Each structure stands twice: as C-alpha cells, then as structure tokens.
C-alpha cells in the first residue's frame, strides 16, 4: 500500500464519519461539497473532513482508493457511501439517517 493510500485508509478507519471534500466544512469550495456539508449539518452528525485541495496526492489517491471518480466522498465506519448525489438521495429518503443510527452514530434528526 502506498503512503497516500495508507494515509487515506487511516482517515477512513479512525473516524466514524469522514468526508473527503473540496474546501472545509466552514468554507466549501464547490457546490457538491457544500451540499453534503449542509446535509451532515442538518442531521447533526459529527464528522471529520479532509480538504483534497490542500494535497494533490490525496485528491487523486482518494479516487483510486474508492474506485469513484468524483469528490466529495463520504465514508461511514470505514464504508464508502458515495458522493453528493447518492448522499442527497439517501438523505431525502431517510436512508442516510437510518444508516447512521444502524451504525451507532448519534444524530439530531432521526429517520422518519
């Protein structure tokens, strides 16, 4: 495993919820990252974030790690959930909140 893959793997496995995004939760640098930040904020789940704009190797490495071509990327308990569209669809259906609850992650806005 390369150093970049190991760094990504460490972030994914040591945080219950981690978002690889463009920018920061306080200052998202793309609309898709902003949407996922808003969803996670609304649900009220704590999460770590990785700004891929600060490290080109992470930006490219996360795409290889997940075999997913776009950013943002959301991981829950080590599992790749998806990007903006999947996260938004799961949220709208109540599936994202249910996933957090099933994984034992407290949320402010439960499913249903």
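Residue numbers (the numbering used here): 1 to 112.
Built from N, CA and C at the ideal position, the CB exists for glycine as well.
Please read all numbers here as calculations on a predicted model, not as lab measurements.
- In the structure shown, residue 91 falls within a helical segment according to DSSP collapsed to helix, strand and coil.
- Residue 20 and residue 50 do touch by the CB rule: their CB atoms are close to 5 Å apart, below 8 Å.
- Counting along the chain, residue 52 sits inside no alpha helix (DSSP H), nor does DSSP assign it H or E at all.
- Ranked by Cα distance from residue 86, the options 26, 23, 61, 32 are led by 32.
- Per DSSP, residue 78 has no beta-bridge partner at all.
- For residue 73, the closest C-alpha among the options 3, 43, 30 is that of 30.
- Less than 9 Å separates the beta-carbon of residue 16 from that of residue 105.
- Taken through DSSP and simplified to helix, strand or coil, residue 32 comes out as helix.
- The C-beta of residue 42 has fewer than 16 other C-beta atoms within 10 Å across all chains shown, which makes the residue exposed.
- In the displayed model, residue 61 falls within a helix according to three-state DSSP.
- About 12 Å separates the beta carbons of residue 71 and residue 8, which is beyond the 8 Å limit, so they are not a contact pair.
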